[in-house]
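*Asks:*
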Amino acid sequence: MSFSSTGVIRPYACHLCSRSFTRPDHLRRHEATHVRPRTLSCPFCAQKFTRLDGLQRH
Numbered sequence: 112m113s114f115s116s117t118g119v120i121r122p123y124a125c126h127l128c129s130r131s132f133t134r135p136d137h138l139r140r141h142e143a144t145h146v147r148p149r150t151l152s153c154p155f156c157a158q159k160f161t162r163l164d165g166l167q168r169h
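Heads up, the numbering used here is the position in the sequence shown plus 111, with the first residue counted as 1.
#1: Using the three-state DSSP reduction, which class does leucine 127 fall into: helix, strand or coil?
#2: Where does arginine 168 sit, in a helix, a strand or coil, going by DSSP?
#3: Quick check on this structure: which residue in Ile120, Cys156 and Gly165 has the alpha carbon closest to the alpha carbon of proline 135?
#4: Mind checking whether leucine 172 and leucine 138 have CB atoms under 8 Å apart?
#5: In terms of alpha-carbon separation, which member of Pro148, Gly118 and Ala143 lies closest to histidine 126?
#6: Sorted by chain position, which residues of the same chain lie with C-beta nearer than 8 Å to arginine 130's C-beta, five sequence neighbours on each side aside?
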């Protein structure tokens with residue numbers, strides 16, 4: 112379990128990296144980024160993403 116800079120408890124930690132989350136569904140979504148291939152590419156800089164929302168936010 113860890114805390115954010117604002118003191119929010121983040122009990123759901125990724126076992127593959129140091130990220131932690133407040134909700135289990137956020138952890139599941141994050142864990143998928145470790146196993147899914149990055150198939151979506153930015154047409155301007157070629158950075159790759161696993162999810163469309165990540166590409167759109169970029």
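Note that beta-carbon positions come from the ideal geometry of N, C-alpha and C, so glycine has one too.
*Replies:* If we stick to the structure as given:
#1: coil
#2: helix
#3: Ile120
#4: The structure shown does not extend to residue 172, since the chain spans only 112 to 169, so no value can be given for it.
#5: Ala143
#6: Ala124 and His141
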